[in-house]
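Novice: Quick note on numbering: the sequence shown equals residues -8 to 352 in the working numbering.
In this text, a Cβ means the ideal position worked out from N, Cα and C, and glycines have one as well.
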Amino acid sequence: MNIIIEKKILYDPVTKLAPISEKRSTMPILSNLFISFGKEKSYIYANDLDIIAVAYLDFHCEEDVNILINGRRFYEILREMNEEAIEMELIENTLKIKQKNTEYILSIQDPNDFPDMTDIEETNEVKLDGDILLELIDKVSFATSKDETRYLLTGMYLEGKDNTVVAVGTDGFRMALLTRETEGMYDFEGIVVPQKTLQELKRIIDEKDKVNLFIGENNIKFSTGKIMLISKLLEGKFPDFRNVLPDKNKNIASIDKKLFLKGLKKISAIVDKYELVNLSMYNNIMELKAESDIGSAKELIEIDYDGKDISMNFNINYLMEMATHTYTETIIVKAPDSPGATIFTEKDDESYKNIIMPVKL
-8 MNIIIEKKIL YDPVTKLAPI SEKRSTMPIL SNLFISFGKE KSYIYANDLD
42 IIAVAYLDFH CEEDVNILIN GRRFYEILRE MNEEAIEMEL IENTLKIKQK
92 NTEYILSIQD PNDFPDMTDI EETNEVKLDG DILLELIDKV SFATSKDETR
142 YLLTGMYLEG KDNTVVAVGT DGFRMALLTR ETEGMYDFEG IVVPQKTLQE
192 LKRIIDEKDK VNLFIGENNI KFSTGKIMLI SKLLEGKFPD FRNVLPDKNK
242 NIASIDKKLF LKGLKKISAI VDKYELVNLS MYNNIMELKA ESDIGSAKEL
292 IEIDYDGKDI SMNFNINYLM EMATHTYTET IIVKAPDSPG ATIFTEKDDE
342 SYKNIIMPVK L
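1. For residue 74 and residue 128, what's the separation of their Cα atoms in angstroms?
2. Considering only residues of the same chain and omitting the five flanking positions on each side of residue 125, which have a CB-CB separation below 7 Å?
3. Quick check: what's the CA-CA separation for residue 335 versus residue 112?
4. Might you give, ordered along the chain, the residues of its own chain that have their beta carbon closer than 8 Å to the beta carbon of residue 135, omitting 5 neighbours on each side?
5. From the DSSP secondary-structure annotation, give me the bridge partner or partners of residue 262.
6. Is residue 234 buried or exposed, if buried means 16 or more other CB atoms sit within 10 Å of its CB?
7. Between the stretch 89 to 105 and the stretch 115 to 125, can you find at least three pairs of beta-carbon atoms closer than 8 Å?
8. Is residue 241 near residue 314, with beta carbons less than 7 Å apart?
9. Would you mind sorting residue -3 into buried or exposed? The rule is 16 or more other CB atoms within 10 Å of its CB.
10. Any chance the stretch 290 to 305 sits against the stretch 257 to 276, with 3 or more Cβ pairs inside 8 Å?
11. Can residue 312 and residue 28 be called in contact, C-beta distance under 7 Å?
12. With DSSP as the reference, label residue 142 as helix, strand or coil.
13. Three or more C-beta pairs closer than 8 Å, one from the stretch 31 to 51 and one from the stretch 207 to 219: is that the case here?
14. Within the continuous beta strand (DSSP E) that includes residue 25, where are the two ends?
15. Here's the rule I'm using: 16 or more other beta-carbon atoms within 10 Å means buried, otherwise exposed. How should residue 33 be labelled?
16. Buried or exposed, going by whether 16 or more other CB atoms sit within 10 Å of the CB of residue 23?
17. Quick check on the DSSP output: what are the complete alpha helix (DSSP H) runs of length 4 or more inside the stretch 155 to 203, in order along the chain?
18. Pick helix, strand or coil for residue 205, following the three-state DSSP scheme.
19. For a quick check, are the C-beta atoms of residue 265 and residue 306 less than 7 Å apart?
20. Taking just the CA atoms, how far does residue 303 sit from residue 243?
21. Taking the straight line between their C-alpha atoms, what separation do you get for residue 207 and residue 290?
22. Extract the residue ranges of the alpha helix (DSSP H) inside the stretch 220 to 273, only unbroken runs of 4 or more that lie entirely within it.
23. Could you check where the beta strand (DSSP E) with residue 38 kicks off and where it finishes?
24. Would DSSP call residue 332 helix, strand or coil?
25. Among -1, 26, 40, whose alpha-carbon lies nearest the alpha-carbon of residue 17?
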């Protein structure tokens, strides 16, 4: 049977799903995409055992046809084709892909060998705008742990209550916390979404999407109507983050984000990624300085400051990542009198907080 379909109908969903199919080298069958053309619905399906993703196609076929094809190869072929209709034909264990003067004949596998597509019951629905979900991921997920032995901290905590959603990421030495109001939020207890799932969501969700979340006992589904992603959740009790929020930081500084980032980048020229920078504040000045085997560096930045003279040492990468993920032009710093947990927030929006612990020498 011949199938004629516009390239754009296939290319966008294949672009989003092909990376999922690349990540399970221990099971070669999972490097494929399952493509189903049908009378009632057509879709593309990827599965790496941790994540299931399905993209629905605006296409109908006279007969039901299933194809199992290498995801990366299929993506690369589509990428190089013109923006015109593509003709596909199944010939025994091969798929012929043709467009004008271009023709490919690819080996394919038995679709029956691919894992079945599982789903979760659509109860406990939570609605989120795509831009809010992407903001939660961008502003919080960077602070999660990279240490796989701290399993639960490698994911992002999500909680819904009283028409607000709370996202938290921490590695035990820093924490990013963001609260956003959203209408019609269904209350749900805290869950922890794996980092890998968060990164896939960043690729496949658009800001304009309306995203429905369905939370199961140990998994979660994100659905926009055009695309669906099901992921396992991380199991365990997330740390009580509310009890560690500082409430006595009385030394307040206001600093231009661009100048702060530029100063940190200058200092980073002589230190490694995770080495320390000394941050001091006094007389409307923030002083950044560091030493290493190759020398020393110092940067002075004018700030608005109301507080005592203070000096603390921070992981320079933590400060740079915090500033990078702050959206406002001004960063507010709230520091204690003696070295301790320091709060960094956006100007006029304290719903986003970064709490960073200094390093004692």
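Specialist: A quick look at the data gives this:
1. Reading the sequence shown from its first residue, position 83 is the one you call residue 74. Reading the sequence shown from its first residue, position 137 is the one you call residue 128. Those two C-alpha atoms are separated by around 33 Å.
2. Reading the sequence shown from its first residue, position 134 is the one you call residue 125. So the list reads 193, 196, 198, once near-sequence residues are dropped.
3. Translated into the one-based positions of the sequence shown, residue 335 becomes position 344. Translated into the one-based positions of the sequence shown, residue 112 becomes position 121. Using only the alpha carbons, I get a separation of about 40 Å.
4. Translated into the one-based positions of the sequence shown, residue 135 becomes position 144. Taken in chain order, the residues that qualify are 144, 145, 146, 147, 160, 161, 162, 186.
5. As a working note, residue 262 is residue 271 in the sequence shown. Residue 262 is not bridged to any residue.
6. Counting from 1 along the sequence shown, the entry for residue 234 is found at position 243. Exposed is the call here.
7. no
8. Residue numbering aside, residue 241 sits at position 250 when the sequence shown is read from its first letter. Residue numbering aside, residue 314 sits at position 323 when the sequence shown is read from its first letter. Against a cut-off of 7 Å, the Cβ pair of residue 314 and residue 241 comes out as no contact.
9. In the sequence shown, residue -3 corresponds to position 6, counting from 1. Exposed is the call here.
10. These segments touch.
11. To locate residue 312, count along the sequence shown from 1; it is residue 321. To locate residue 28, count along the sequence shown from 1; it is residue 37. Taking 7 Å as the Cβ cut-off, residue 312 and residue 28 do not qualify as a contacting pair.
12. For the purposes of this step, residue 142 is identified with residue 151 of the sequence shown, where counting begins at 1. It is helical.
13. yes
14. Translated into positions along the sequence shown, residue 25 becomes position 34. Start and end: 23 to 28.
15. Within the sequence shown, numbered from 1, the residue matching residue 33 stands at position 42. So residue 33 counts as buried.
16. Working through the sequence shown from its first residue, we reach residue 23 at position 32. Buried.
17. Taken in chain order, the complete alpha helix (DSSP H) segments of 4 residues or longer contained in the stretch 155 to 203 are 186 to 195.
18. As a position in the sequence shown, residue 205 is number 214, starting the count at 1. The three-state secondary structure of residue 205, taken from DSSP, is strand.
19. On the sequence shown, residue 265 is found 274 positions in, with the first residue counted as 1. On the sequence shown, residue 306 is found 315 positions in, with the first residue counted as 1. Contact check for residue 265 against residue 306 passes: the beta carbons are separated by less than 7 Å.
20. The count along the sequence shown starts at 1 and reaches residue 243 at position 252. The count along the sequence shown starts at 1 and reaches residue 303 at position 312. Looking at the two C-alpha atoms, the distance is approximately 15 Å.
21. Looking up residue 207 in the sequence shown gives position 216. Looking up residue 290 in the sequence shown gives position 299. If I take the Cα positions, the gap works out to 51 Å.
22. 248 to 259
23. The sequence position of residue 38 within the sequence shown is 47, counting from 1. Residue 38 -> beta strand (DSSP E) spans 33 to 38.
24. As a working note, residue 332 is residue 341 in the sequence shown. It is coil, neither helix nor strand.
25. Counting from one through the sequence shown, the residue named residue 17 turns up at place 26. Measuring from the Cα of residue 17, the nearest candidate turns out to be 40.
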